[in-house]
Every structure is written in C-alpha cells, then in structure tokens.
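Colleague:
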C-alpha cells in the first residue's frame, strides 16, 4: 500500500488540493462560525498547549516584574520602618498634648538634646532659654512625670540636670500623704538601669510595692503632685531611724525627647488635677484617632460604592447586565465605631491626693509626724548634698 | 518498516511543538523563532508530500486556533510549506547543517510571506517592513534555533544503523 501511495504523485496533489481548499474555506468562514471553531479546538485537544503557553507568559511577566516588585517591596519595608518611629513619635506628641492641655498655661515646650559625653546621662540641653521665659531652677517635666531641673540658662537654650544626677533631690510623698521622703538617684550600681531611692521615710509609714510616689511640693522648687516613680521594694541602709525604698522612675532618661519647662508663676499655682487631665486628654486623643480611622473607612466605603454605581450605570447604558454580586444602590453602612472605655483612674488614692489631702490619722498614741523634708535645691546644703 | 526512526522523529516533532508554546512566549522576542515551522520541515522531509500537506494543515490549524481572526491563513501557509518541503526534499535533504539552516530560513520566510498576505491584517508599508525586515530576522532566528536543536537532538534524528 505504501508503495502504491509512494508511486502516486497524483494522490499527493489531490490531498494538497483538499488541504488548501479546507484552509481557504476556514479563512473565508464568517466570524460567527470561526470563533466557535477556534474556541472548540482551544478547549479540547489544544487545552494542554494553551495552558503551557499561559504559564510561560506568566513566567515571563514574573521575570519582567521581578525588579519592580523588589523595588516596591523595598519601598514598603522602608515605609513600614518609618511607620514604627512615626507611631512612637505620635504617641509621645499625643502625651505631650495631653500634658499641655492639663497645664493650660505657664509652660515652655522644649526639645531635649542628649550629648555623648561622660556625664551626659545626667544632664541635657534644652532648646529654650531665657528669651522664652526659662529661669534657673525651673522644673522640667514630661507627660510621664518628673524629668529634672534647669541649672543654667542661656538666651536661646538652657542646661538641665536630670533626676539621674548625683546632686539632684526632690521632696516626695505617697499620694495619700502618709509617707514623706527625699527622692534621689540610686547610685549603688548593683541594679540594671536607673532607679530612684526614696530616703528618710518614717518607720511608721510602710509603702507597698507598686505604690505611686509624687512630688510633695515642699521647698518651692517642685509643685505638688508630679509623678516621681513607683515603689519597687524596701532596701536596707545604714540609716536605722528611717526606711529607704527603691523606686522605678516615672521617666526613663533614655526616653526624654520633648519636655515642658514650668515657669515660676505656674509652679506657684500648683499642679492639682494636671496628671488626671493628662490621662483624660490621652484617652480623648485616642478616641479622636479611632474616630478619624472610622471616618476614613466610611469615606473609602462610600467612594467604592459610588465607583461601583458608576460602573454599573455604564454597563446598563451599554446594554450589558449589571454585576449581580454587587448592589450599587445599597447604602453603605459605616463600620460600627469602636467605643473607647472611659478612662479609669489607675490609682484612686492618687486622685484623692491631687484633689485634696485626706485627714491624717491623729490617734493620740501615735507621735506627731516629723516635718516633711524639702527639696534639696532650696534646703540647707548640709542636709542633702 | 522500521518503527524506531518513526518514534524518534515523532518525539522530536512533539518536543518542537511543546517548545513553541513554552520557550517562545517565555522569551517574548520581537522577531520570535517558530518551532512549528521547524517541526513541520523536519517531518516533511521524512514523509510523502501529501502527508506533509496534511501535517502542515493540522499544525496551521493549531496555530490559527489561538488567533481566530486569521483562522485558515496559517493552515494554508503551512500546507504549502509542508508539501513544498517534502516535494523538494531531494534538493535539500542532506546531512549538512548549513544546508539545513538555509532550508529552515527559507521555510520560515516563505511561511511568513504567505501567512501575512493571507491574514490580511497588516497592510502597506507595515506589511513591507514586516516581510522585508522582521520576517527575515525571525527566519534567521528560527534557522539558528533549528540548527542548535538539530545538533542537540542528533541522536534522535540520525537514521538507525540497522
């Protein structure tokens, strides 16, 4: 048979003519018949080849986009890194705004510039000086509490002694006024990091770990009620007539960036209720942020709904059926607004003290409390230095 | 009839078709190589002109199915190329890489000329540019790829010693 075929060129010509006729017929087919024919071939025996081609083209696209994807990934990573620091800065500024709204007047905002010298963990340069109203012995505070005191003033900047300085002293007390003492830096380097000692606390006044310690206001440098730290434990010292407590500081020296310098007239007016309002303002700021997020989310949903409506309208106008999965006329209901719980006072005793001291136990068997110690900077030098 | 060479030629033919739908889109060149024409030419020199015409027709339909607007143009061109290659195999059938490269080049260029004229999608200066510039470049790339593949697949394509 093969030999018959091989020897018959006329058959080859007939086959060629048939193939050419079929190809020409396919070429002249109307579109309504051409497309189903091509689609049928693609969906049946050509499906594996079509799949191969699709994957090859996807691979090529991946190769081409690899560089831009890498660039995009780098940009996103960089933005994410920046977002962390921005978030921290926002948090600090939010707290500072809370403190400012609590103080209302009589303060000078400043940036703390840390040096890199030997004693730089005990002093900072502040970016406000006498031209801004800063004077010597002006208290420096942060939203968390006590930072230090100004010891040198220039016209445009000033030098402040932090609480970590060996010469720094502040008269402190428990919020209920039952225990007074002198707070100073804990200089015995057996512990990690910076801690504060509360010295000279009467034996009858026992403080529990976690108790808040605030400035007492005695001495005139520091107003009453500025958080100094929280009690960690009692430590043994050579002073057998009084207790000494170790405090965790309210402000870490490493976290001092933006501070407030209090003017003398503001110090004289006291700080009653300021730290309460700081907490309230912080909670209010959080609520504003959450509300802003909700508003942005609602706006984005409304915009997406409007876009869908336009697309559906266009589709209807062009005679195409609108998408069934999306209801463009549906009213977008904003996401439920997250509710922020009302700020709960962390330390009710502190609240009591900041609004007014409670009556002191005046049992006749108890000896009267000794006179409270005062700030070192105005006390006789021999007492504290 | 010796089955071995037929099986090996069929495997080579299928490899060329798979390459056409994997390597070609992956490279995405402006003047791409055409593995279908290579497969057709390699098959055509081994079969009768009528069979080569049928193979060309089927390959053309396969390529046309992915471009329905030109359905039939590829089939017509490939039928003609297949028949012609098989008819002229006495001239070109030689174990010479340069001759094979020329064979591939000519086959691809003629295919392009027939395809673009039959397709009737490109006209005027653009058609001339395509046929005078891009088609020869594509034919040269195809010939180069064909020669490389022939070199690589020589064990598959050599006639059996039995």
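Protein chains in written order, with my numbering: chain A, 1 to 385; chain B, 1001 to 1162. Even for Gly, the Cβ is constructed at its ideal location relative to N, Cα and C.
If you draw a straight line from the alpha carbon of residue 1058(B) to that of residue 1152(B), how long is it in whole angstroms?
Modeller: In the second chain, the residue the question calls residue 1058(B) occupies position 58. In the second chain, the residue the question calls residue 1152(B) occupies position 152. One C-alpha to the other measures close to 26 Å.
Colleague: Which residues in the same chain as residue 1039(B) place their Cβ atom closer than 6 Å to its Cβ, once the five residues preceding and following it in sequence are excluded?
Modeller: By one-based count along the second chain, residue 1039(B) stands at place 39. Here the set comprises 1013, 1016, 1017.
Colleague: Check for me: the beta strand (DSSP E) holding residue 165(A) runs from which residue to which?
Modeller: Taking the first chain and counting its residues from 1, the one referred to as residue 165(A) is at position 165. No beta strand (DSSP E) contains residue 165(A), which DSSP labels as neither H nor E.
Colleague: For residue 1079(B) versus residue 1053(B), is the C-beta spacing smaller than 9 Å?
Modeller: Taking the first residue of the second chain as position 1, residue 1079(B) is located at position 79. Taking the first residue of the second chain as position 1, residue 1053(B) is located at position 53. Yes.
Colleague: For residue 93(A), which of helix, strand or coil comes out of DSSP?
Modeller: Position 93 of the first chain holds residue 93(A). Reduced to three states, the DSSP call for residue 93(A) is helix.
Colleague: Applying a beta-carbon distance threshold of less than 7 Å, which residues of chain B neighbour residue 57(A)?
Modeller: Walking along the first chain from the start, residue 57(A) turns up at place 57. Simply 1025.
Colleague: Would you report the Cα separation of residue 334(A) and residue 306(A), rounded to the nearest angstrom?
Modeller: By 1-based counting over the first chain, the position of residue 334(A) is 334. By 1-based counting over the first chain, the position of residue 306(A) is 306. Annotation note: pLDDT 44 at residue 334(A) (below 50); position unreliable, coordinate value reported separately. Their backbone Cα atoms lie some 14 Å apart in a straight line.
Colleague: Within the chosen definition, does the stretch 1114-1134 of chain B reach the stretch 30-40 of chain A through at least 3 CB pairs nearer than 8 Å?
Modeller: No, they do not touch.
Colleague: Does any CB atom of chain B fall closer than 9 Å to the CB of residue 393(A)?
Modeller: Because chain A is modelled from 1 through 385, residue 393(A) falls outside the range shown and cannot be assessed.
Colleague: Which residues in chain B have a C-beta closer than 8 Å to the C-beta of residue 24(A)? List them in chain order.
Modeller: Here the question's residue 24(A) lines up with position 24 in the first chain. 1072, 1076, listed in chain order.
Colleague: Residue 1062(B) touches chain A at which residues, Cβ-Cβ below 8 Å?
Modeller: Here the question's residue 1062(B) lines up with position 62 in the second chain. Near residue 1062(B) (Cβ distances below 8 Å), the residues of chain A are 41, 46, 49.
Colleague: So the candidates are 265(A), 226(A), 313(A), 310(A); which of them puts its Cα closest to the Cα of residue 107(A)?
Modeller: Here residue 107(A) refers to the residue found at position 107 of the first chain. The shortest C-alpha separation from residue 107(A) is found at 265(A).
Colleague: Can you pull the DSSP bridge partners for residue 234(A)?
Modeller: As a working note, residue 234(A) is residue 234 in the first chain. Note: residue 234(A) sits in a beta bridge opposite 245(A).
Colleague: In three-state DSSP terms, what is residue 272(A)?
Modeller: Numbered from 1 along the first chain, position 272 holds the residue referred to as residue 272(A). DSSP places residue 272(A) in coil when its eight states are reduced to three.
Colleague: Over the uninterrupted alpha helix (DSSP H) stretch that includes residue 1037(B), give me the two end residues.
Modeller: Counting from one through the second chain, the residue named residue 1037(B) turns up at place 37. Residue 1037(B) -> alpha helix (DSSP H) spans 1035-1044.
Colleague: Below 7 Å on C-beta distance, what does residue 1142(B) contact in chain A?
Modeller: Residue mapping note: residue 1142(B) aligns to position 142 of the second chain, counting from 1. Result: empty, since nearest Cβ-Cβ is about 18 Å, beyond 7 Å.
Colleague: By how many angstroms is the C-alpha of residue 66(A) removed from the C-alpha of residue 89(A)?
Modeller: By one-based count along the first chain, residue 89(A) stands at place 89. By one-based count along the first chain, residue 66(A) stands at place 66. Approximately 34 Å between the Cα atoms of the pair.
Colleague: Count the CB pairs spanning the stretch 249-261 of chain A and the stretch 94-106 of chain A that are closer than 8 Å, and state whether there are at least three.
Modeller: Taking 8 Å as the limit for Cβ pairs, the verdict is that the stretch 94-106 of chain A does touch the stretch 249-261 of chain A.
Colleague: When you compare only the Cα positions, how much space is there between residue 111(A) and residue 99(A)?
Modeller: Counting from one through the first chain, the residue named residue 111(A) turns up at place 111. Counting from one through the first chain, the residue named residue 99(A) turns up at place 99. Rounded to the nearest angstrom, the two C-alpha atoms are 15 Å apart.
Colleague: Could you give the distance in angstroms between the alpha-carbon of residue 16(A) and the alpha-carbon of residue 53(A)?
Modeller: Mapped onto the first chain, residue 16(A) falls at position 16. Mapped onto the first chain, residue 53(A) falls at position 53. Approximately 30 Å, taken between the alpha carbons.
Colleague: Distance cutoff 9 Å, beta carbons only. Does residue 1022(B) sit that close to anything in chain A?
Modeller: In the second chain, the residue the question calls residue 1022(B) occupies position 22. It does; some Cβ of chain A falls within 9 Å.
Colleague: Got a sec: is the Cβ-Cβ distance from residue 78(A) to anything in chain B below 9 Å?
Modeller: Taking the first chain and counting its residues from 1, the one referred to as residue 78(A) is at position 78. So, not an interface residue.
Colleague: Residue 1008(B) and residue 1157(B) look like a contact to me (Cβ under 8 Å); what is the Cβ gap, rounded to whole Å?
Modeller: Here residue 1008(B) is taken as the residue at index 8 of the second chain, counted from 1. Here residue 1157(B) is taken as the residue at index 157 of the second chain, counted from 1. That belief holds up - the Cβ atoms of residue 1008(B) and residue 1157(B) are roughly 7 Å apart, short of 8 Å.
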